[in-house]
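Contents: one structure, followed by commentary.
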Ligand SMILES: [Fe+2]
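Numbering (this note's numbering), first residue to last: 1064 to 1418.
What follows is the structure in structure tokens.
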């Protein structure tokens, strides 16, 4: 028998009545992996209850079947997130894993096609729908708090932006009314759709980076002027990729404008103040907050309180002399990038998730 490698998975990820296309193992008292369910076999509620009664907190799959497991997670994500017996942090970890795959696939396929296909939009929308169902549960804010400080990678960053954006908007209906002035007259389905569309904008905000050569995107040292100009094209690239898709105009605008600064010094169009769409102004705030509070290869994650201080400009004068080693020079004066009114609302929201 070949030397198998296993990975542990939470039993809550296995949905009763489903037919996993991978084998599931448990660990015997002697520490050996023994087959618990064969691939393609229906898993019953009775089997799962017995597993819980026997105290199995983890089950195992063969690492070689990881792809089948990931496909299963995506297919059953809605049921997994609705499982009342599963802790929120495990649900968040599964959501993160599945959505990372979806976003990675979206980037790779869009890069090959040169645009974002209807199939990718559909898959993204389905992902956002499930995220919203999960976020609707109050405890999900705790799971969201745990995501702060994780590594900064393009795909994971996109997912965190999705979570923060929809959770923040759900807590600030007045902003949804600014995004759509007819919001109050919409029925519940249309209200949910609006939130989903905002989530799609957050998830795909950096899709234009799929067009940037990897050597520029992943360069370790400082960028030269030409490379920096290439990076600055990504909001336009994102718009071009989505231009013919069915996503609403305000989503396309938010993606195009997510690097515009409130003081007019952003890119690509140097828009200023309320010329920038509301959703783009929100993405700008959350994008920077997540970048600052995430671990990067060249920089440790800042605690949320420090990131907020920098974003509101507290100690920015001192930081020029005292805190320089700790701060990225680009962060000095960053407060002028944001709509102060929205930033205040975001800070109040952070207070809620940290509580
Ligand atoms: Fe961006």
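Backbone N, C-alpha and C define an ideal beta-carbon position, used for all residues, glycine too. In this text the structure is predicted, and so the values were computed from the model without any measurement.
Where residue 1128 and residue 1086 are concerned, what is the direct C-alpha to C-alpha distance, given to the nearest angstrom?
Walking along the chain shown from the start, residue 1128 turns up at place 65. Walking along the chain shown from the start, residue 1086 turns up at place 23. Whole-angstrom Cα-Cα distance: 8 Å.
Under 8 Å by Cβ, that's how I've got residue 1265 and residue 1224 pegged, so tell me the actual separation to the nearest angstrom.
Along the chain shown, read from residue 1 onward, the residue named residue 1265 stands at position 202. Along the chain shown, read from residue 1 onward, the residue named residue 1224 stands at position 161. At roughly 4 Å, the Cβ-Cβ gap stays under 8 Å, so residue 1265 and residue 1224 are in contact.
Just the C-alpha distance for residue 1415 and residue 1293, rounded to the nearest angstrom, thanks.
By 1-based counting over the chain shown, the position of residue 1415 is 352. By 1-based counting over the chain shown, the position of residue 1293 is 230. Roughly 38 Å between the two C-alpha positions.
Pick out whichever of 1075, 1108 and 1096 has its Cα sitting closest to the Cα of residue 1120.
For the purposes of this step, residue 1120 is taken as the residue at position 57 of the chain shown. Nearest of 1075, 1108 and 1096 to residue 1120, Cα basis: 1075.
So, at 6 Å on beta carbons, what are the nonlocal neighbours of residue 1381 in its own chain, with the 5 sequence-adjacent residues on each side left out?
Residue mapping note: residue 1381 aligns to position 318 of the chain shown, counting from 1. In this prediction, residue 1381 scores a pLDDT of 47, lower than 50, which makes its location untrustworthy; the coordinate-derived value is nonetheless stated afterwards. Once the five neighbours on either side are set aside, residue 1381 has no close Cβ partner at all.
Using a Cβ-Cβ cutoff of less than 7 Å, which residues in the same chain neighbour residue 1178 once the five nearest sequence positions on both sides are dropped?
For the purposes of this step, residue 1178 is taken as the residue at position 115 of the chain shown. If we look at residue 1178 and ignore the five residues flanking it on each side, its Cβ neighbours are 1304 and 1307.
My assumption, with CB atoms under 8 Å, is that residue 1344 sits in contact with residue 1402. Please give the rounded CB distance.
Stepping through the chain shown from its first residue, residue 1344 is reached at position 281. Stepping through the chain shown from its first residue, residue 1402 is reached at position 339. Yes, residue 1344 and residue 1402 are in contact; Cβ-Cβ is about 5 Å, under 8 Å.
Is residue 1361 helix, strand or coil when you go by DSSP?
In the chain shown, the residue the question calls residue 1361 occupies position 298. It is coil, neither helix nor strand.
Excluding the five sequence neighbours on either side, which residues of its own chain have a C-beta within less than 8 Å of the C-beta of residue 1387, listed in chain order?
Indexing the chain shown from 1 puts residue 1387 at position 324. Confidence in residue 1387 is poor, its pLDDT being 40 and thus under 50, which makes the residue's placement unreliable; the coordinate value appears in the next sentence. So no residue of the chain qualifies.
Does the beta-carbon distance from residue 1287 to residue 1408 come in below 8 Å?
Sequence index remark: in the chain shown, residue 1287 carries index 224 (1-based). Sequence index remark: in the chain shown, residue 1408 carries index 345 (1-based). Their beta carbons are not under 8 Å apart, which means residue 1287 does not touch residue 1408 by this criterion.
Cα separation between residue 1419 and residue 1183?
Only positions 1064 to 1418 of the chain appear in the structure, and residue 1419 is not among them; the question remains open.
Count the other CB atoms within 10 Å of the CB of residue 1171; is the residue buried (16 or more) or exposed (fewer)?
In the chain shown, residue 1171 corresponds to position 108, counting from 1. With fewer than 16 other Cβ atoms within 10 Å, it is exposed.
With DSSP collapsed to three states, give me the class of residue 1125.
Within the chain shown, the letter at position 62 stands for residue 1125. If DSSP states are grouped into helix, strand and coil, residue 1125 belongs with the strands.
Under the DSSP definition of a beta bridge, which residues are partnered with residue 1100?
For the purposes of this step, residue 1100 is identified with residue 37 of the chain shown, where counting begins at 1. Paired residue(s): 1087.
Quick one, which of 1068, 1271, 1362 and 1197 has its alpha-carbon nearest residue 1147's?
Walking along the chain shown from the start, residue 1147 turns up at place 84. Nearest of 1068, 1271, 1362 and 1197 to residue 1147, Cα basis: 1197.
On the three-state DSSP scale, how would you describe residue 1355?
Start at 1 with the first residue of the chain shown, and residue 1355 comes out as number 292. Residue 1355: helix per DSSP, three-state reduction.
In the structure shown, what three-state DSSP assignment does residue 1081 receive?
Start at 1 with the first residue of the chain shown, and residue 1081 comes out as number 18. In the structure shown, residue 1081 sits in coil (DSSP, three-state: anything other than H, G, I, E or B).
Can you check which of these residues, 1375, 1136, 1237 and 1083, is closest to residue 1155 by C-alpha distance?
Looking up residue 1155 in the chain shown gives position 92. That would be 1136, whose Cα lies nearest to the Cα of residue 1155.
Less than 8 Å between the C-beta atoms of residue 1342 and residue 1317, yes or no?
As a working note, residue 1342 is residue 279 in the chain shown. As a working note, residue 1317 is residue 254 in the chain shown. Cβ distance < 8 Å, so residue 1342 and residue 1317 count as in contact.
Which whole-angstrom value describes the C-beta separation of residue 1138 and residue 1164, a residue pair presumed to lie in contact below a C-beta threshold of 8 Å?
As a first step, residue 1138 is located in the chain shown; it is residue number 75 there, counting from the start. As a first step, residue 1164 is located in the chain shown; it is residue number 101 there, counting from the start. Rounded, the Cβ-Cβ distance is 12 Å, inconsistent with contact.
Classify residue 1370: buried if its beta carbon has 16 or more other beta carbons within 10 angstroms, exposed otherwise.
In the chain shown, residue 1370 corresponds to position 307, counting from 1. Residue 1370 is buried by the Cβ-count criterion.
Can you look up residue 1072 in the DSSP assignment and give me helix, strand or coil?
Taking the first residue of the chain shown as 1, we reach residue 1072 at position 9. Residue 1072 falls in the strand class under three-state DSSP.
Classify residue 1347 as buried or exposed, calling it buried when 16 or more other Cβ atoms lie within 10 Å of its own Cβ.
Along the chain shown, read from residue 1 onward, the residue named residue 1347 stands at position 284. Flag for residue 1347 reads buried.
Just to check, is the beta-carbon of residue 1321 closer than 7 Å to a non-hydrogen atom of ligand 1?
Against the chain shown, residue 1321 aligns to sequence position 258. Yes, Cβ of residue 1321 sits closer than 7 Å to a heavy atom of ligand 1.
Under 7 Å from any heavy atom of ligand 1, does the C-beta of residue 1297 make it?
Looking up residue 1297 in the chain shown gives position 234. Yes; taking the cut-off as 7 Å, the Cβ of residue 1297 has a heavy atom of ligand 1 nearer than that.
In terms of alpha-carbon separation, which member of 1295, 1281, 1185 and 1340 lies closest to residue 1313?
Locating residue 1313 in the chain shown gives position 250, where the first residue counts as 1. Here the closest residue by C-alpha is 1340.
Residue 1368: buried (16+ other C-beta within 10 angstroms of its C-beta) or exposed?
Here residue 1368 refers to the residue found at position 305 when the chain shown is read from its first residue. Label assigned to residue 1368: exposed.
Sorry if obvious, but does the Cβ on residue 1268 come closer than 7 Å to a heavy atom of ligand 1?
Taking the chain shown and counting its residues from 1, the one referred to as residue 1268 is at position 205. Yes - ligand 1 has a heavy atom lying nearer than 7 Å to the Cβ of residue 1268.
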